[in-house]
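Start counting the sequence shown at 196; every next residue gets the next number (this note's numbering). Since the structure comes first, as structure tokens, the remarks are kept for the end.
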Amino acid sequence: MPLITTADKEMDMLFDQTIEQVRQALHLPYWAWDAGVLMVAILLGTLLKIGISFILKRTANREAPFSFYLTIIRYLGKPFAYFLPLLLVRLSLPFLYMPHAYRYPVGKLLQIGIIIVMAWIIINGFRVVEAYVSYKFDVHAPDNFRARKIHTQLQFLHRVFSVIIILLAVAAILLSFKSVRNIGTGLLAGVGVSSIIIGFAAQNMLSNLFAGLQIAFAQPIRIDDIVVVEGEWGRIEEITLTYVVVKIWDLRRLVLPITYFTQKPFQNWSRTSTDLIGTVFIYTDYSLPVQAIRDELDRLLQHHPLWDGKVKAVQVTDTSEHTMQLRILVSASDSSKTFDLRCDIREKIILFLQQHYPHCLPRTRAELYPLPLSEKPSEKLTS
196 MPLITTADKE
206 MDMLFDQTIE
216 QVRQALHLPY
226 WAWDAGVLMV
236 AILLGTLLKI
246 GISFILKRTA
256 NREAPFSFYL
266 TIIRYLGKPF
276 AYFLPLLLVR
286 LSLPFLYMPH
296 AYRYPVGKLL
306 QIGIIIVMAW
316 IIINGFRVVE
326 AYVSYKFDVH
336 APDNFRARKI
346 HTQLQFLHRV
356 FSVIIILLAV
366 AAILLSFKSV
376 RNIGTGLLAG
386 VGVSSIIIGF
396 AAQNMLSNLF
406 AGLQIAFAQP
416 IRIDDIVVVE
426 GEWGRIEEIT
436 LTYVVVKIWD
446 LRRLVLPITY
456 FTQKPFQNWS
466 RTSTDLIGTV
476 FIYTDYSLPV
486 QAIRDELDRL
496 LQHHPLWDGK
506 VKAVQVTDTS
516 EHTMQLRILV
526 SASDSSKTFD
536 LRCDIREKII
546 LFLQQHYPHC
556 LPRTRAELYP
566 LPLSEKPSEK
576 LTS
């Protein structure tokens with residue numbers, strides 16, 4: 196414990212005498228003095244927060260697509276609205292005539308409140324950084340490969356950072372009590388047995404944490420990746436410490452444990468690039484000239500807004516006793532455009548066949564031969 200010198204005692208006595216002289220000069224009873232000091236502290240904290248917000252709003256450019264100052268107000272305005280009054284009330288305790296029996300618990304409550312709000316400020320401060328990075332690297336841009344990579348890492352780090360800050364805040368609150376510090380010393384003495392028990396209990400949590408680290412840095416999946424999992428097509432919408440949310444094409448959400456993506460195979464259609472090749476199958480009669488389909492595909496794709504100009508092909512990939520199978524390949528810049536392009540090409544090729552080659556649509560043939568007269572069935576039934 197720090198040593199209290201004679202000079203310190205004299206300073207404390209002088210401080211108390213000054214406070215008493217001011218109170219007597221104002222002719223205030225003790226309770227009124229305490230209430231007034233607390234009200235002034237709360238009012239000053241509130242006014243300070245309002246003043247800071249006013250300065251930031253005046254400095255901010257409201258017409259810009261992103262304002263760093265307005266983002267600070269958005270995420271840190273409410274925490275500071277609690278932090279500044281709590282801090283000033285805590286600093287005003289030496290000015291109060293509060294009995295010592297109440298001074299310690301009130302001071303302890305204020306200390307706990309300040310720790311909680313400081314943790315809130317630090318976590319929301321990371322959200323300010325996250326908002327700025329989201330603006331600089333737009334995941335909705337056409338070429339968003341780097342943006343998706345950064346968003347995935349930032350989202351995971353945000354959650355890990357938040358958990359660490361919360362744990363540190365809880366530890367700081369608990370360690371502020373002397374009895375808890377004594378318990379902690381006793382637990383450290385038996386760390387050999389307890390570590391084994393804690394290890395088994397935390398096994399699942401640690402596996403999720405390591406899976407999250409692997410996803411964040413090895414990145415088998417990223418935010419907004421297009422994946423096929425459990426037979427469903429969708430986009431990676433959210434990655435947390437314990438689960439991943441996949442947004443299905445029909446707006447359903449598929450929630451999977453984060454270890455799924457490190458332990459089971461799945462399809463990632465945008466792992467290294469968003470470009471995709473789409474396939475359209477057409478079944479026609481053998482009499483169809485395939486070159487006519489190639490010419491029509493060239494005409495359709497020449498000014499098509501969804502085609503990226505990279506891949507186009509028409510191939511006969513299979514035959515049966517009735518039809519031949521044509522495979523049409525087209526490419527687009529992402530999966531959504533590829534799907535729409537496939538549907539459009541399929542529809543227009545079918546329309547082309549209906550209008551120009553209706554006789555080449557799939558059909559079933561049958562050859563009829565006249566039977567000899569001797570084999571014709573009798574016109575009369577024998578009785």
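Don't be surprised by glycine CBs; every beta carbon is placed ideally from N, CA and C. Keep in mind it's a predicted model, so treat the numbers as computed, not measured.
Enclosing beta strand (DSSP E) for residue i [first to last residue]
i: Thr347; result: Unbroken run through Thr347 is the alpha helix (DSSP H), Phe340 to Leu370; no beta strand (DSSP E).
i: Gln497; result: Gln497 -> no beta strand (DSSP E), and no H or E assigned at all.
i: Leu521; result: Met519 to Ala527
i: Val506; result: Run containing Val506: none; DSSP gives neither H nor E here.
i: Val475; result: Leu471 to Thr479
C-alpha gap between residue i and residue j, whole angstroms
i: Val312; j: Ser402; result: 31 Å
i: Glu562; j: His554; result: 17 Å
i: Ser329; j: Arg322; result: 10 Å
i: Arg580; j: Phe332; result: Outside the modelled stretch of the chain, which goes from 196 to 578, sits residue 580, for which no answer is possible.
i: Ala508; j: Val440; result: 36 Å
i: Ala259; j: Ile250; result: 17 Å
i: Ser531; j: Tyr564; result: 53 Å
i: Pro274; j: Ile316; result: 6 Å
i: Glu432; j: Val422; result: 11 Å
i: Gln497; j: Arg466; result: 29 Å
i: Thr479; j: Leu501; result: 26 Å
i: Met196; j: Ala296; result: The predicted model places Met196 with a pLDDT of 44, which falls under 50 and marks its position as unreliable; any figure quoted below should be read in that light. The straight-line gap from Cα to Cα measures roughly 21 Å.
i: Ser262; j: Gly272; result: 15 Å
i: Lys244; j: Pro289; result: 23 Å
i: Lys459; j: Glu425; result: 10 Å
i: Pro280; j: Gly308; result: 11 Å
i: Ile247; j: Tyr327; result: 20 Å
i: Met234; j: Ile267; result: 27 Å
i: Val506; j: Gly473; result: 9 Å
i: Gln520; j: Phe476; result: 7 Å
i: Leu492; j: Ile540; result: 8 Å
i: Leu198; j: Gly320; result: Residue confidence for Leu198 is low, a pLDDT of 49 falling below 50, so the modelled location carries little weight; the figure read from the coordinates is stated next. Going by the C-alpha atoms only, they are around 38 Å apart.
i: Val375; j: Arg298; result: 20 Å
i: Leu370; j: Gln306; result: 12 Å
i: Ile544; j: Gly407; result: 46 Å
i: Gly240; j: Ala366; result: 27 Å
i: Ile443; j: Ile523; result: 26 Å
i: His335; j: Tyr270; result: 23 Å
i: Leu495; j: Gln549; result: 16 Å
Reference residue i; option with closest CA among the options
i: Leu265; options: Ser530, Lys252 and Ala276; result: Lys252
i: Ile360; options: Ile310, Ala411, Phe476 and Leu281; result: Ile310
i: Glu325; options: Ser357, Leu305 and Pro294; result: Ser357
i: Ile237; options: Phe261, Arg285 and Ser262; result: Arg285
i: Leu242; options: Ala276, His517, Gly231 and Glu516; result: Ala276
i: Thr437; options: Asn319, Met400 and Leu288; result: Met400
i: Phe405; options: Thr457, Gly240, Arg447 and Phe372; result: Thr457
i: Leu536; options: Leu471, His295, Leu521 and Glu516; result: Leu471
i: Gln348; options: Gln520, Arg417, Ala314 and Trp444; result: Arg417
i: Ala314; options: Leu363, Ile267, Leu304 and Phe351; result: Leu363
i: Ile345; options: Ala411, Pro557, Met234 and Ile477; result: Ala411
i: Ile434; options: Ile545, Glu516 and Phe351; result: Phe351
i: Arg558; options: Glu542, Val525 and Ser515; result: Ser515
i: Thr175; options: Ile318, Met293, Pro294 and Arg343; result: The structure shown has nothing for residue 175, since the chain only spans 196 to 578.
i: Arg560; options: Phe278, Tyr481 and Asn256; result: Tyr481
i: His499; options: Leu282, Ala527 and Thr518; result: Ala527
i: Gly231; options: Leu282, Tyr270, Tyr292 and Arg257; result: Tyr292
i: Gly429; options: Val511, Ala367 and Phe534; result: Phe534
i: Leu282; options: Val301, Ala413, Tyr270 and Arg269; result: Val301
i: Asn166; options: Asp419, Phe372, Ile368 and Val355; result: The requested residue 166 is not part of the displayed model; the chain covers only 196 to 578.
i: Gln510; options: Asp503, Asp490 and Glu542; result: Asp490
i: Leu446; options: Glu427, Gln462, Asn463 and Asp503; result: Glu427
i: His353; options: Pro415, Val525, Ile368 and Ile318; result: Ile318
Enclosing alpha helix (DSSP H) for residue i [first to last residue]
i: Glu325; result: His295 to Lys331
i: Ile544; result: Ser530 to His551
i: Phe278; result: Phe263 to Leu286
Residue i: CB within 7 Å of a non-hydrogen atom of the ligand COA
i: Pro300; result: Among the components of this structure there are no ligands whatsoever, and the ligand COA is therefore not found.
Residue i at chain B interface by Cβ criterion, 8 Å
i: Ile443; result: Chain labels in this structure do not include chain B; a single protein chain is all it has.
Segment contact, 8 Å Cβ cut-off, at least three pairs: the stretch 483-494 with the stretch 442-455: no
Continuous alpha helix (DSSP H) assignments of at least 4 residues falling wholly in the stretch 397-463: 398-412 and 455-458
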